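Written below as structure tokens is the structure these notes are about.
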Amino acid sequence: MNKTAEWNKQFNIGVASIDHAHQKLFSIVRKLIHLSEDEDNGQWACAEGIKYFRNYAMEHFSDEEAYMKSIGYGGYEIHKHLHDDMRYKTLPALEKDLLESNYSQESIHHFIGICLGWLTAHIMIEDRAITGKVSNKWKKDHTKEDTQALEDALADSIQEIFSLQTEVVSEHYSGEHFGNSIIDRLSYQSKEGKTFKMFLILEESLALQAVSSMLDMPLKKVDRLVINTIRQLSQQIAVQVGAHFTWPSQYHLKSNHIMTEEQFLQEYLEECFDYSLLFNTGNGYFAFCVTPV
335 MNKTAEWNKQ FNIGVASIDH AHQKLFSIVR KLIHLSEDED NGQWACAEGI KYFRNYAMEH
395 FSDEEAYMKS IGYGGYEIHK HLHDDMRYKT LPALEKDLLE SNYSQESIHH FIGICLGWLT
455 AHIMIEDRAI TGKVSNKWKK DHTKEDTQAL EDALADSIQE IFSLQTEVVS EHYSGEHFGN
515 SIIDRLSYQS KEGKTFKMFL ILEESLALQA VSSMLDMPLK KVDRLVINTI RQLSQQIAVQ
575 VGAHFTWPSQ YHLKSNHIMT EEQFLQEYLE ECFDYSLLFN TGNGYFAFCV TPV
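In the numbering used here, the protein residues as written are 335 to 627.
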């Protein structure tokens, strides 16, 4: 793992009990990183550590929600929804991946990367918003029907293009690192100059499997052929998903740009997203983000 989990005072929101819990969660993740690098005992130790992380996180969410209620925090509902997404979708999906892979190093790295990224983004934005330090990122939430419709459209596209089944890991993906990835940004513009952007993030293992399958030959590394193929596949996914949602036909594709993870994270912090979803395909993770149309 090349990700660190160091405590930074910038993470403090100014509520002692919450700040203490956050420090504890980072401490657990840091321990998991060290355990994952232990080839002899790492697998069993990580399994126990992950259970401890989950239990502590659940307790912390409840305590934090009680605090938000006690001060009459106006963003309580959406904040609780973010907790519930982690409670009922992300952690169960990650734990299922761990069990099915017998705690493979890849699945452990998925767990650590996603939890670490989620904690960092959630604390720096949503938790700091509780005390008015910043504005919360998720200012609105979609109906269950709207979100399910998009999830179904993406699942259909992945099934048709990659011949893979998908499972939702998160309905509020926050740019978490889930492995080396190809990040494609599609920018659309109308005649009136209005724009929106779509981001598709494919883990390299998924991209390699997809292109290898198309060529009927094994590919071992991401090269220009793989990247150009993924760019075209991203456009196909965008067209199929857009058709399901009847996104304005007057918008045309202005640019298709491959980004680094650093560029994506910077843009993610600056943009407001209408939808941001994370999926597990069984052959790698896949994320889809779109700014308001």
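Even for Gly, the Cβ is constructed at its ideal location relative to N, Cα and C. This one's a predicted model, so the numbers in the text were calculated from it and none came from an experiment.
Taking the alpha helix (DSSP H) that residue i belongs to, which residues open and close that run?
i: R565; result: R558 to F579
i: M458; result: M458 -> no alpha helix (DSSP H), and no H or E assigned at all.
i: I535; result: Per DSSP, I535 belongs to no alpha helix (DSSP H); it is in the beta strand (DSSP E), T529 to E537.
i: E501; result: Per DSSP, E501 belongs to no alpha helix (DSSP H); it is in the beta strand (DSSP E), E501 to S504.
i: H368; result: A350 to S370
i: P426; result: L425 to E434
i: E605; result: Looking at the DSSP string, E605 is not in any alpha helix (DSSP H), and its letter there is neither H nor E.
i: K414; result: Y410 to D419
Closer than 6 angstroms by C-beta to residue i: which residues in its own chain qualify, once you throw out the five before and the five after it? Chain order, please.
i: A355; result: H394
i: L542; result: L553
i: H415; result: D475
i: L612; result: V503, S504, Y507 and A621
i: Y602; result: G509
i: Y410; result: M402
i: M551; result: none
i: Q574; result: S491
i: A544; result: F496
Hey, quick one: how far does the beta strand (DSSP E) through residue i stretch, first residue to last?
i: S481; result: According to the sequence shown, residue 481 is Thr rather than Ser. Per DSSP, T481 belongs to no beta strand (DSSP E); it is in the alpha helix (DSSP H), K478 to F496.
i: Y619; result: Y619 to V624
i: F613; result: Y609 to N614
Does the Cβ of residue i lie closer than 7 angstroms to at least one heavy atom of the ligand NAP?
i: N470; result: Judged by which ligands are present, the structure shown has none, so any question about the ligand NAP falls away.
In the DSSP output, which residue or residues are listed as bridge partners for residue i?
i: M593; result: I517
i: H586; result: Q523
Take residue i and list the residues in its own chain whose beta-carbon comes closer than 7 angstroms to its own, dropping the five residues that flank it on each side.
i: E510; result: G447, I448, G451 and W452
i: I571; result: S491, I495 and L534
i: Y437; result: Q377, C380 and A381
i: Y634; result: Residue 634 falls outside the range modelled here, since the chain spans only 335 to 627, and no answer is possible.
i: K423; result: V502, V503, S504 and E505
Less than 8 angstroms separating the beta-carbons of residue i and residue j?
i: S370; j: I442; result: yes
i: F345; j: I457; result: yes
i: M392; j: R421; result: yes
i: E537; j: S521; result: no
i: I352; j: E399; result: no
i: G653; j: S497; result: Any property of residue 653 remains undetermined from this structure, which presents the chain solely from 335 to 627.
i: W341; j: I412; result: no
i: T615; j: T500; result: yes
i: F530; j: T625; result: yes
i: Y390; j: L359; result: yes
i: F387; j: V363; result: yes
i: I384; j: F445; result: yes
Within its chain, find whatever has a CB closer than 8 angstroms to the CB of residue i; leave out the 5 residues flanking it on each side and keep chain order.
i: K525; result: Q584
i: E595; result: H511, S515 and I517
i: Q569; result: L520, L587 and N590
(request) Answer yes if the region 475 to 490 comes into contact with the region 585 to 595, meaning at least three C-beta pairs across the two stretches below 8 angstroms, and no otherwise. (result) No: the two stretches stay apart, fewer than three of their Cβ pairs being nearer than 8 angstroms.
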